[in-house]
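Sequential numbering from 11 applies to the sequence shown in this note's numbering. For glycine and all other residues, C-beta sits at the position ideal for the given N, C-alpha and C. One structure below.
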Amino acid sequence: MRKIIFFIGLMSTSVYGTTDYENCVLDAVSVDSSQDTATQINQRCTSLKNEKKQTLGAISKRVKAEREFQWNRFVITPHRRNYILPYTHTSKLNREAYEFAGDWADEAKQYEAKLQLSIKVPINHQDIFRKNDALYLGFTLQSWWQVYASEISAPFRETNYQPELFYLTGLDWHPMGGNTGLILGIEHQSNGRTQLLSRSWNRVYSSFLYEKGDFALSFRPWYRLKEDKKKEPLDSEGDDNPDIEAYMGHFEVRTIYRSKEHEYGVMWRNNLRSDNKGAIELDWSFPLYGHLKGFVQYFNGYGESLVDYNISQQRIGIGILLTDIL
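The structure is reproduced here in structure tokens:
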């Protein structure tokens, strides 16, 4: 009898449709064999209602939107930003790195194009360890193109390749009314060159994510997987850049804020040593036309590319953004 009264009371408050809470109650009272009392049903479904009160932030909304289409074989899921900067200007090029390859680097311009293409592929169909967790394969390519240097046949001066495997899950922690998540991954980054131009390293990393509304933050520490030292500089095996952490540091912090259709980003790295080496990057994307957005990027510090990891430079570029972070 108590179930019937509870059911009638529920129906009287649901003229305009049912909520998750109400659906939970309807499911419970429709099971003839259920021995639950009205109080027990209310407690269980109220708990569900309270769980649903957490407001989705910008990262969660992106993940939710991606999952609607990520198993469509005609859809490529973006990972990091995808953009083309037809014009960038840098304060310095690492010309010394190319000395052994001839004098073509003397003709290289300090203005060039830069592009980034980044995608990911989901691996798991079902939950692995936690509800709605996910395992991905990711791949990011960055290129610096001497498109204006016709004297040397406009080569791609540097290209960096970054495959990775990472696990993503939400956390049951909601500080200041926001949401949190965790990423665990392993990645390789290389410029695909040989001998004295070769640069590469391998890292395992974690990334703590925080979101609230249109604000998102990530703290990403890493540990470099050690390699054997080279016996000779021209050896094909061994560490190409043993001091890279002195310039790239051990962590990266990123913050992103979206205001209407504009998005502002800040990246910061530091080696936390007395020489204070690191980098800062500022991004701004804005509406342009249709799905395309304008994009401005400013970089100051070490490690914008692998071949330039040990020189300090400033670079500013402007172009077109294909996919944003949020």
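{"Check": "Host beta strand (DSSP E) of Ser-210 (start-end)", "Outcome": "210-222"}
{"Check": "Cutoff 7 Å; reference Pro-297; Cβ partners in own chain excluding five residues on either side", "Outcome": "Glu-271 and Lys-303"}
{"Check": "Buried/exposed call for Asn-286, threshold 16 Cβ in 10 Å", "Outcome": "exposed"}
{"Check": "Within 9 Å, strictly: CB atoms of Tyr-93 and Tyr-121", "Outcome": "no"}
{"Check": "Inter-residue CB distance, Gln-126 and Arg-72 (contact presumed, cutoff 8 Å)", "Outcome": "That belief does not hold up - the Cβ atoms of Gln-126 and Arg-72 are roughly 18 Å apart, past 8 Å."}
{"Check": "C-alpha distance - Glu-262 paired with Arg-230, whole-angstrom precision", "Outcome": "5 Å"}
{"Check": "In DSSP terms, what Lys-124 is bridged to", "Outcome": "Leu-95 and Trp-154"}
{"Check": "For Lys-303, the first and last residue of its enclosing beta strand (DSSP E)", "Outcome": "302-311"}
{"Check": "Alpha helix (DSSP H) runs contained entirely in the stretch 233-285, provided each spans 4 or more residues", "Outcome": "254-258"}
{"Check": "Beta-carbon proximity list for Leu-282, same chain, < 8 Å, skipping 5 on both sides", "Outcome": "Gly-259 and His-260"}
{"Check": "Sequence-distant residues of its chain with Cβ nearer than 6 Å to Ala-115 (five each side left out)", "Outcome": "Arg-105 and Tyr-108"}
{"Check": "Coil, strand or helix - Ile-133 by DSSP", "Outcome": "coil"}
{"Check": "Run of the alpha helix (DSSP H) containing Ile-69, from where it starts to where it stops", "Outcome": "68-77"}
{"Check": "Beta-carbon proximity list for Asp-238, same chain, < 6 Å, skipping 5 on both sides", "Outcome": "Gly-248"}
{"Check": "Beta-ladder partner(s) of Phe-166, from DSSP", "Outcome": "Trp-155"}
{"Check": "Tyr-220, buried or exposed, once every other Cβ within 10 Å from all chains shown has been counted against 16", "Outcome": "buried"}
{"Check": "Member of Leu-192, Lys-130, Ala-164 and His-301 whose CA lies at the smallest distance from the CA of Arg-83", "Outcome": "Lys-130"}
{"Check": "Per DSSP, the bridge partner or partners of Leu-332", "Outcome": "Bridge partners of Leu-332: none, in fact."}
{"Check": "Beta carbon of Glu-168 nearer than 9 Å to that of His-198", "Outcome": "no"}
{"Check": "Anticipated Cβ contact below 8 Å, Leu-336 with Glu-273, distance rounded", "Outcome": "6 Å"}
{"Check": "Nonlocal neighbours in the same chain, by C-beta distance under 8 Å from Glu-255, ignoring five residues either side", "Outcome": "Arg-234 and Asn-281"}
{"Check": "Sub-9 Å separation of Arg-279 and Gly-311 beta-carbons", "Outcome": "yes"}
{"Check": "Span separating the alpha-carbon of Thr-49 from that of Ser-228", "Outcome": "42 Å"}
{"Check": "Neighbourhood of Phe-225 by C-beta, 7 Å cutoff - its chain only, sequence neighbours within 5 removed", "Outcome": "Tyr-267"}
{"Check": "6 Å Cβ shell around Ser-153 - same chain, five flanking residues per side excluded", "Outcome": "Leu-125, Phe-166 and Thr-169"}
{"Check": "Rounded separation between Arg-325 and Ser-246 - CA only", "Outcome": "32 Å"}
{"Check": "Endpoints, the beta strand (DSSP E) within which Gly-288 is located", "Outcome": "288-299"}
{"Check": "Contacts around Val-25, its chain only, beta-carbon distance under 8 Å, and the 5 residues preceding and following it disregarded", "Outcome": "Here the model assigns Val-25 a pLDDT of 33, short of 50, so the residue's position is not dependable and the matter cannot be decided."}
{"Check": "Assigned exposure category for Ser-128 - 16 Cβ within 10 Å defines buried", "Outcome": "buried"}
{"Check": "Lys-236 beta carbon less than 9 Å from that of Asp-250", "Outcome": "no"}
{"Check": "Status (buried if at least 16 other CB within 10 Å, exposed otherwise) for Glu-242", "Outcome": "exposed"}
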